[in-house]
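This report refers to the structure that appears directly beneath it.
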Ligand SMILES: Cc1cc2nc3c(=O)[nH]c(=O)nc-3n(C[C@H](O)[C@H](O)[C@H](O)COP(=O)(O)OP(=O)(O)OC[C@H]3O[C@@H](n4cnc5c(N)ncnc54)[C@H](O)[C@@H]3O)c2cc1C
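Numbering (the numbering used here), first residue to last: 311 to 971.
Following this line, the structure appears as structure tokens:
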């Protein structure tokens with residue numbers, strides 16, 4: 311590989327843009343089902359729509375083969391309640407998790423995950439992903455079912471979370487898309503939705519996008535569209551240099567912003583979480599006991615072991631107990647489901663008073679993950695199966711540490727040395743969060759039992775839906791939404807696109823080619839937006855700070871944002887991303903203004919409304935853009951189980967699910 315230094319030494323100048331630049335070109339296509347985002351949800355959606363016999367196009371900003379948060383792999387397949395060994399029904403599981411989330415969770419999404427997650431995993435197995443211990447490497451382990459070869463995680467009794475060899479998940483999904491004849495348009499960034507009459511709140515009839523290498527404009531007319539562009543990022547924090555990023559940094563919420571601009575209704579936009587940003591270490595690459603490393607023994611500088619405790623704080627006597635429910639606990643819900651940590655079905659954890667123990671000198675830094683204290687199967691399940699298949703750990707952690715000589719049978723892996731408070735949670739690699747550095751919570755579009763948004767023609771799957779779960783949730787909801795969108799497309803009428811809407815979008819997208827005033831770069835703009843979000847929409851909010859933040863974002867749009875210049879299609883993409891980030895910043899602040907109460911369940915602090923989760927605010931703040939501002943309504947948390955819906959998840963599913971093919 312050549313470094314920039316070497317390149318400049320050899321050539322004396324920067325390279326030219328390597329692709330033909332086609333800002334003047336327009337590519338127009340049409341299809342039955344259009345999938346926005348070729349990530350986990352998008353791939354499953356496209357596969358299932360295609361299997362239902364309709365034409366499908368996928369628009370993907372990166373390269374579908376490796377893109378998105380699930381692009382680098384998966385080690386945990388969660389909530390597979392219908393697998394042959396499961397001890398929990400989808401109905402019971404969904405009721406419990408929704409309750410653990412204080413009701414602020416999307417019931418249909420959660421149930422579809424529990425009900426179809428296992429089916430989606432079987433689909434992946436057929437495509438070539440290994441989901442069982444076929445070679446018997448874990449024969450005799452407590453987490454292995456000998457009949458099926460399935461390997462379980464977290465709760466070895468409930469057996470709903472699986473350990474899988476998912477490092478090649480995206481290449482296998484990509485191959486299946488090609489096999490089925492799905493049209494994949496990689497390197498096309500969706501920037502806006504096409505709507506009937508070009509108006510807000512009308513039927514969605516396709517999307518528009520920018521080719522990120524050629525700069526050509528892409529228009530896809532569709533009978534049905536599925537939003538699957540994942541979780542937004544870079545809203546509060548932006549660093550291209552120093553941050554070992556966990557989430558895919560290309561995810562800037564352009565699809566979410568497009569749905570907002572089109573008038574779709576959203577929930578939970580006011581929820582956000584502290585993020586460790588540049589303080590984070592390489593994910594799962596230092597000693598820790600979280601998620602992928604769940605169950606690891608942690609010892610201090612003197613070899614004293616940090617106790618593991620159950621949900622009631624009782625110390626555990628054995629390693630085996632780390633994977634079994636507490637007395638009176640029906641089952642444990644694993645990490646990664648984005649369920650608050652205060653819930654009753656908490657997994658076993660390290661003693662939560664670890665920071666105090668460090669302060670008192672009982673536990674002496676530095677800490678180490680000591681896998682030698684685990685039974686051999688558990689040791690190799692962590693440093694082998696899990697670290698070898700989890701996203702972004704196979705190469706940087708497993709292969710690099712192994713090459714450097716790390717041997718889990720013999721060696722300990724050191725944890726970072728930090729402020730004692732940073733050890734309050736077992737994912738030590740995340741460092742200590744700064745309150746005003748934040749990340750997107752579980753906000754997203756509101757859906758019904760068809761996984762349709764509030765806009766006709768627009769379906770959603772995965773992280774785009776509020777309350778979204780994890781990889782299996784994205785797969786299962788994509789699977790379901792693909793079938794529903796195909797069924798709708800079969801009967802939907804064709805609608806002519808509005809040429810003025812296209813002209814408006816092109817003017818917006820290409821504006822950075824003709825910047826106003828003294829040009830600035832997109833990075834400055836992204837950093838400026840983040841600063842506004844940190845200062846005016848950080849941990850502690852008031853109506854005054856939020857109003858000021860909205861004003862500053864508006865002013866930024868009208869001043870610096872117009873000065874952003876793009877020298878090539880790649881920079882143009884980033885400039886347009888900043889527009890998406892500003893849009894979402896505004897949507898978030900509007901939602902924060904609308905919720906006039908604090909909420910522990912939403913990690914939401916309004917200094918001017920200190921009452922925490924009062925009864926009248928135990929609702930979803932359902933918010934959407936209109937032609938003259940925003941409209942807010944209070945939606946009952948369980949809107950999906952109230953009349954005219956049936957009272958149980960199972961009945962609603964039976965009424966709505968399309969048969970899988
Ligand atoms: C490192 C890592 C490890 C993880 N490990 C696990 C695990 O073991 N188990 C688990 O359950 N969960 C895991 N997760 C979470 C899981 O990966 C996500 O829940 C899942 O990927 C969500 O799927 P999605 O399709 O909604 O989003 P993604 O998979 O992120 O896909 C979104 C897609 O949309 C594309 N896109 C975005 N914007 C645009 C645009 N404007 N135009 C076109 N395309 C666009 C993106 O490029 C991407 O391909 C992990 C996440 C990370 C980051």
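Don't be surprised by glycine CBs; every beta carbon is placed ideally from N, CA and C.
Thinking C-beta only, is residue j closer than 8 Å to residue i?
i	j	result
residue 383	residue 700	yes
residue 935	residue 573	yes
residue 371	residue 498	yes
residue 324	residue 367	no
residue 519	residue 369	yes
residue 566	residue 774	yes
residue 345	residue 352	yes
residue 899	residue 856	yes
residue 657	residue 644	yes
residue 761	residue 418	yes
residue 635	residue 465	yes
residue 401	residue 958	yes
residue 536	residue 790	no
residue 583	residue 741	no
residue 469	residue 396	yes
residue 378	residue 558	yes
residue 758	residue 413	no
residue 479	residue 380	yes
residue 387	residue 843	no
residue 538	residue 424	no
residue 691	residue 448	yes
residue 763	residue 770	yes
residue 730	residue 665	yes
residue 540	residue 349	yes
For residue i and residue j, what's the separation of their Cα atoms in angstroms?
i	j	result
residue 620	residue 632	8 Å
residue 606	residue 725	12 Å
residue 477	residue 804	40 Å
residue 471	residue 642	10 Å
residue 544	residue 669	35 Å
residue 880	residue 887	11 Å
residue 748	residue 914	12 Å
residue 850	residue 917	6 Å
residue 826	residue 871	9 Å
residue 491	residue 360	8 Å
residue 398	residue 650	20 Å
residue 820	residue 882	7 Å
residue 673	residue 902	41 Å
residue 815	residue 373	24 Å
residue 961	residue 779	22 Å
residue 830	residue 822	10 Å
residue 714	residue 755	45 Å
residue 604	residue 704	17 Å
residue 475	residue 438	11 Å
residue 321	residue 329	19 Å
residue 719	residue 446	19 Å
residue 781	residue 787	10 Å
residue 868	residue 923	37 Å
residue 919	residue 585	24 Å
residue 639	residue 467	11 Å
residue 461	residue 431	13 Å
Roughly how far, in whole angstroms, is the beta-carbon of residue i from the beta-carbon of residue j, given that I think they are within contact range, below 8 Å?
i	j	result
residue 768	residue 514	4 Å
residue 933	residue 904	6 Å
residue 723	residue 609	The pair is not a contact, with the Cβ atoms about 11 Å apart (cut-off 8 Å).
residue 863	residue 896	5 Å
residue 772	residue 415	With 8 Å as the limit, residue 772 and residue 415 do not qualify as a contact, their Cβ atoms being about 15 Å apart.
residue 946	residue 929	6 Å
residue 385	residue 696	4 Å
Would you say residue i faces chain C, with C-beta separation under 8 Å as the test?
i	result
residue 351	In the structure shown, chain C does not exist; there is a single protein chain.
- Query: What are the start and end residues of each continuous alpha helix (DSSP H) run of 4 or more residues lying completely inside the region 675–706, in chain order?
  - Reply: Along the region 675–706, the alpha helix (DSSP H) occurs as fully enclosed runs of 4 or more residues at 686–690, listed in sequence order.
- Message: Threshold first: 3 residues or longer. Then list the beta strand (DSSP E) segments lying entirely within the region 742–791, N to C.
- Response: 744–750, 768–770
- Could you pull out every unbroken beta strand (DSSP E) segment of at least 3 residues lying fully inside the region 539–581, listed in chain order? none
- Which whole runs of the beta strand (DSSP E) in the region 463–507 are 3 residues long or more, in chain order? The beta strand (DSSP E) runs lying completely inside the region 463–507 and spanning 3 residues or more are 493–495, 498–505, given in chain order.
- Task: Kindly provide the ranges of any alpha helix (DSSP H) runs that are 4 or more residues long and lie completely inside the region 790–847, ordered along the chain.
- Result: 809–820, 832–846
- Message: Please give the ranges of any beta strand (DSSP E) in the region 330–371, keeping only runs that are unbroken, at least 3 residues long and fully inside the region.
- Response: 336–346, 366–369
- Query: Which runs of the alpha helix (DSSP H), 4 residues or longer, sit entirely within the region 395–444?
  - Reply: 400–410, 417–437
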